[in-house]
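In my numbering, the protein residues as written are 637 to 1064.
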């Protein structure tokens, strides 16, 4: 069977699912090709239209200059969006790469086309043209909510995607507010009826099946995979030695790479830590020397300046060190408020590390209070603080049972084979 995968990039979080999927099918003997708009690296069986310049190169600096020129232009000709809605290129009607150009890079006629995160690469008309020219089955992975909306990637409480996206709350320039309406109508008029949408959480499934675009199309649940042979439980003692953590402390792991984005809920976590400190002081409990925050990412330090618990900065982590961080920790905190993932929630569960999270995205599916962690009420800082208090109160036996529950659950839902078989069942 011939498989064509399409994505804007094969790098970073956006490129993770397409890369795993493509490699899985290659390993199983399929004729598989991944075509991306841009990438900083070239690999076998991957076609890249635009090679990204290496950091520090002349072209990299030119790219930076162009971005600054665009910022200056926007100052004089303002067009404002609310960044919380995550618009990546506003016009869904613009053709970036034609179906003909894409297929010219493909040495076979695809039997199935798997579409991932494709902002500013292909639009609904290109998808239609690809279907008309190949007759291939079409599957679109809903890595965020862009496939069902008129342009935003995270709609929050807005339900405009269910009707027509008019009066978009994410567009702040009055004269531009109906651009999402035009985008959604364009998608409705062009998206082939046989496109099947793959969604990775129950909350996204509910949104997709109630959306204008997919309420009459097939929507299938499929969890994003985690390599169960890499993300594994391990010796907590050895993992802590790796990071220089002393024994006898409770370790809370947190990934802060996108702290500035409201949807990631970082401020809620910091506020919850403050509430926890107040509660412990009121109860005359001193845990400041027995609790350690293990924090990955960068540019978060200023936000944690008032936190009373000890902090350990581990910066950006390689995949191997990320696994060790999960193994070293008593639990992982994901305070995301609006998310289709996050991927780290699933990775943590696969490593047997319980999770404290708000009730959104994949956490709604797998974080169960008392079994695999603690699920806090969305937007409720007080409940997140209660979750911290609860998780820190677990004794060794309770913690070990919770860790076993996590691994068992992950192996039943998130393995590479389960992911592969779900796709095969759809495209065969």
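Glycine included, C-beta positions come from ideal geometry on N, C-alpha and C.
*Could you name the residues that DSSP lists as bridge partners for residue 832?*
775
*Start and end of the alpha helix (DSSP H) containing residue 1097?*
Because residue 1097 is not part of the residues shown, which for the chain are 637 to 1064, the question remains open.
*Between the Cα of residue 1003 and the Cα atoms of 978, 718, 1015, which residue gives the shortest distance?*
978
*Are residue 786 and residue 801 touching if we call contact CB-CB under 8 angstroms?*
yes
_Which residues does DSSP list as the beta-bridge partners of residue 630?_
In the structure as shown, the chain starts at 637 and stops at 1064, and residue 630 therefore has no counterpart that could be examined.
_Minimum C-alpha distance to residue 762 - residue among 852, 840, 991, 825_ = 825
_Extract the residue ranges of the beta strand (DSSP E) inside the segment 875 to 918, only unbroken runs of 3 or more that lie entirely within it._
886 to 891
*Measure how close the beta-carbons of residue 729 and residue 819 come, nearest whole angstrom, since I'm counting them as under 8 angstroms.*
Contact flag correct, Cβ pair sits at about 7 angstroms.
*What distance in whole Å lies between the Cβ atoms of residue 911 and residue 1005, which are believed to be in contact at a cut-off of 8 angstroms?*
Not a contact, Cβ separation roughly 18 angstroms.
*Taking the alpha carbon of residue 673 as the point to measure from, which residue in 642, 657, 661, 653 has its own alpha carbon closest?*
642
*asked:* With distance defined between alpha-carbon atoms, name the residue in 944, 892, 915 nearest to residue 934.
replied: Out of 944, 892, 915, 892 has the C-alpha closest to the C-alpha of residue 934.
*Separation of residue 789 from residue 1087, as counted between CA atoms*: Residue 1087 is absent from the model: the chain starts at 637 and stops at 1064.
*Do you know whose CA, among 972, 657, 860, lies nearest residue 902's CA?*
972
_As an exercise, report each continuous alpha helix (DSSP H) stretch of at least 4 residues that is fully enclosed by the segment 917 to 942, in chain order._
none
*Alpha carbon to alpha carbon, what distance is there between residue 772 and residue 849?*
20 angstroms
_Coarse secondary structure for residue 955, derived from DSSP in three states_ = helix
*For residue 929 versus residue 904, is the C-beta distance shorter than 8 angstroms?*
no
_Whole-angstrom C-beta distance between residue 858 and residue 834, which should lie under 8 angstroms_ = 4 angstroms
_Simplified DSSP assignment, three categories, for residue 657_ = helix
*Between residue 964 and residue 844, which are expected to be in contact by the criterion C-beta below 8 angstroms, what is the C-beta distance as a whole number of angstroms?*
Actually they do not touch by this definition, with Cβ atoms about 37 angstroms apart.
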